[in-house]
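What follows is a set of notes on a single structure, which appears directly below.
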Amino acid sequence: MRVEQLIDSLANDVKPVRRRTASGDALPLIVLCAVELALFLGTGMMRTDMPTAIHLPSLWWKLASLGLIGLVSGTVTIMSLDPVRSPRRGLRWIAALIAVCFLVGWLVDASYDGFSSPLVSRLHWIDGLECCYSIVVLSVPAVIGLGLLMRRAAPTDHAGTALAAGLAAAAWGAFVFVFKCRFDDPLYVAAWFSLGCGIVTLFARCVLPRLSRW
Amino acid sequence: MGSESQACNSVVRRLNPRGSGADNHAWDAMMAAAQGGDASTYRRLLSEVSLWLRRYYARRLPPAMIDDAIQDTLVAIHEKRHTYDPTRPFGAWLAAIARYKWIDALRSLKAKPTEALDDDIPVPDHEEAMTSARSLERLLATLKPAQSRAIRLVKLQGFSIEEASKATGQSAALVKVNIHRGLRRLTSLIRDKPHAR
Numbered sequence: 002m003r004v005e006q007l008i009d010s011l012a013n014d015v016k017p018v019r020r021r022t023a024s025g026d027a028l029p030l031i032v033l034c035a036v037e038l039a040l041f042l043g044t045g046m047m048r049t050d051m052p053t054a055i056h057l058p059s060l061w062w063k064l065a066s067l068g069l070i071g072l073v074s075g076t077v078t079i080m081s082l083d084p085v086r087s088p089r090r091g092l093r094w095i096a097a098l099i100a101v102c103f104l105v106g107w108l109v110d111a112s113y114d115g116f117s118s119p120l121v122s123r124l125h126w127i128d129g130l131e132c133c134y135s136i137v138v139l140s141v142p143a144v145i146g147l148g149l150l151m152r153r154a155a156p157t158d159h160a161g162t163a164l165a166a167g168l169a170a171a172a173w174g175a176f177v178f179v180f181k182c183r184f185d186d187p188l189y190v191a192a193w194f195s196l197g198c199g200i201v202t203l204f205a206r207c208v209l210p211r212l213s214r215w
Numbered sequence: 021m022g023s024e025s026q027a028c029n030s031v032v033r034r035l036n037p038r039g040s041g042a043d044n045h046a047w048d049a050m051m052a053a054a055q056g057g058d059a060s061t062y063r064r065l066l067s068e069v070s071l072w073l074r075r076y077y078a079r080r081l082p083p084a085m086i087d088d089a090i091q092d093t094l095v096a097i098h099e100k101r102h103t104y105d106p107t108r109p110f111g112a113w114l115a116a117i118a119r120y121k122w123i124d125a126l127r128s129l130k131a132k133p134t135e136a137l138d139d140d141i142p143v144p145d146h147e148e149a150m151t152s153a154r155s156l157e158r159l160l161a162t163l164k165p166a167q168s169r170a171i172r173l174v175k176l177q178g179f180s181i182e183e184a185s186k187a188t189g190q191s192a193a194l195v196k197v198n199i200h201r202g203l204r205r206l207t208s209l210i211r212d213k214p215h216a217r
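Chains L and F, in that order, give the protein sequences. So in the numbering used here, spot 48 of the first sequence is number 49, and the numbers just go up one at a time. So in the numbering used here, spot 6 of the second sequence is number 26, and the numbers just go up one at a time.
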């Protein structure tokens, strides 16, 4: 087909379109996340000792860190769905934010017992693996939502956008799981939550670019 | 030919940041109208864009790939037209899509089978070929000598893997590896340097 013929067929096919906006993309994602959180808490999944745990700095550290990482990563993902915008600078900010979160976690940990307990005994392997599994499962709706947004929009840096989407989905899954997880030890959280988030991020980084090529 | 050249120059002015505000905003308004379903404006916009794309790809791709790249880009513009924000310049949006499709075209070089070339090859357009060759030379110069030689022989000059292997003294497998790594490096180079020519 010649270029002129293609132009004719495209022009004949043109119909009014609804413009993509960042807020229009964010809204369904926020609703999806809110529904997931409401279902999770509504089905009685919240830890039973929450009234006590709410006074622990480590619970707030978990919630604030994962909430911030999820919020920043989600914003970077949605902004980079515009073909003109690259996610690279945003990813550097996310990396810095993750480093700060780990640092704060280390300070919270040091304020508890100054690392006097053996590190390995604090990891609770069996529970840790269950945590990883739960985080992965809870991240699935966000991965699907962000993947659909990527398909509909026009990201030009698939790898970067997929990485940001994976981080956002993983952080959201972990954020929801915080309400159930009964372990508040910063070392436990840093190890197992990082592993669960890493699995989700790696999956998104590998799969989403293939599904969203245009 | 002369009228096409004039049209092309006016199109290039529209995307030139030093062009007048009216030039720069003409495409913005046309695309906004196209988003509203205005077929005649859309046809005019795509025609002008295709001229700009021809010049864009002539500096970056071998002549045989230019038409395919233009058509791919036009289809992408059509499918993703809802992502254009009329409050921002159309030129930047178009350039981002054109660059994305350029990287795609370079990536597709890896998958394309290479055929031996005839001794007599008609060359219809020397200027575009020369510009394209200069751009490719500059990019190839950034690669390791073994990688750029393998790409030159197999992808640009049409030698078979075996012939390239004999010419370079590399094993056939190494020639393939050098081509693969070289093309991958070129792709990442272009991605990391938005204004790479």
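Note that beta-carbon positions come from the ideal geometry of N, C-alpha and C, so glycine has one too. Keep in mind that this is a model prediction, so the values were computed, not measured.
Checklist entry - Would L:P84 count as contacting chain F if we go by Cβ distances under 9 Å? => result With a threshold of 9 Å between beta carbons, L:P84 makes contact with chain F.
Checklist entry - What is the DSSP secondary structure of L:L120, reduced to helix, strand or coil? => result Residue state, collapsed to three classes: coil.
Next on the checklist: For a cutoff of 9 Å on Cβ pairs, would you count F:R201 as touching chain L?
Outcome noted: F:R201 does not count as touching chain L.
Next on the checklist: Mapping the DSSP letters down to three states, classify F:Y104 as helix, strand or coil.
Outcome noted: DSSP places F:Y104 in coil when its eight states are reduced to three.
Checklist entry - Are L:V85 and F:R108 touching if we call contact CB-CB under 9 Å? => result With a cutoff of 9 Å on beta-carbon distance, L:V85 and F:R108 are scored as near each other.
Next on the checklist: Across the stretch 48-67 of chain L and the stretch 150-169 of chain L, are there enough close Cβ pairs to call them in contact, namely three or more that are closer than 8 Å?
Outcome noted: Contact between the stretch 48-67 of chain L and the stretch 150-169 of chain L is absent: fewer than 3 CB-CB pairs across the two stretches fall below 8 Å.
Checklist entry - Near L:I55, which residues of its chain fall below 7 Å by C-beta distance, leaving aside the five closest residues on each side in sequence? => result Close CB contacts of L:I55 within its chain, under the 7 Å cut and outside five residues either way in sequence, are absent.
Checklist entry - Got a sec, what are the start and stop residues for the alpha helix (DSSP H) F:L209 sits in? => result DSSP places F:L209 in the uninterrupted alpha helix (DSSP H) bounded by 192-212.
Checklist entry - By DSSP, does F:R154 sit in helix, in strand, or in coil? => result Correct three-state label for F:R154: helix.
Checklist entry - Between the stretch 120-134 of chain F and chain L, which residues of the former have CB atoms less than 7 Å from a CB of the latter, in chain order? => result When CB distances to chain L are screened at a threshold of 7 Å, the residues of the stretch 120-134 of chain F falling below it are Y120, in chain order.
Next on the checklist: According to DSSP, is L:C207 part of a helix, a strand, or is it coil?
Outcome noted: The answer is helix: DSSP assigns L:C207 an H, G or I state.
Next on the checklist: Is there a C-beta anywhere in chain L that falls below 9 Å from the one on F:Q55?
Outcome noted: At least one chain L Cβ lies under 9 Å of F:Q55.
Checklist entry - Hey, out of F:R172, F:T188, F:G178, F:I181, whose CA is closest to F:L203's CA? => result A check of alpha carbon separations from F:L203 across F:R172, F:T188, F:G178, F:I181 identifies F:R172 as the nearest.
Item to check | Cutoff 9 Å: F:Y76 Cβ touching any chain L Cβ | outcome: No, F:Y76 does not count as interfacial toward chain L.
Item to check | Own chain partners of L:R152 with C-beta closer than 6 Å, once the 5 adjacent residues on each side are dropped | outcome: S213, listed in sequence order.
Checklist entry - If you drop the 5 nearest sequence neighbours on each side, which residues of the same chain put their C-beta closer than 8 Å to that of F:L159? => result The beta carbon of F:L159 sits closer than 8 Å to the beta carbons of L206, L209, I210, A216 from its chain, once the five residues preceding and following it are set aside; these are given in chain order.
Checklist entry - Is DSSP giving L:T202 helix, strand or coil here? => result Looking at L:T202 - three-state DSSP - the assignment turns out to be helix.
Item to check | Environment of L:W126 [buried if 16+ CB atoms lie within 10 Å] | outcome: Exposed, by the Cβ-count rule.
Checklist entry - With DSSP run on the structure shown, which of helix, strand or coil describes F:R38? => result In this prediction, F:R38 scores a pLDDT of 43, lower than 50, which makes its location untrustworthy; the coordinate-derived value is nonetheless stated afterwards. In the three-state reduction of the DSSP assignment, F:R38 falls in the coil class, being assigned neither a helical nor a strand state.
Item to check | Separation of F:F110 from L:L11, as counted between CA atoms | outcome: Cα to Cα, the separation comes out at about 18 Å.
Item to check | For L:L57, three-class secondary structure by DSSP | outcome: Correct three-state label for L:L57: coil.
Checklist entry - Taking the alpha-carbon positions, what's the L:D83 to F:T103 distance? => result Using only the alpha carbons, I get a separation of about 7 Å.
Checklist entry - Can you list, in chain order, the residues of its chain whose CB lies under 6 Å from that of L:G146, leaving out five sequence neighbours each side? => result Excluding residues within five positions, the ones whose Cβ falls inside 6 Å are L30, L33.
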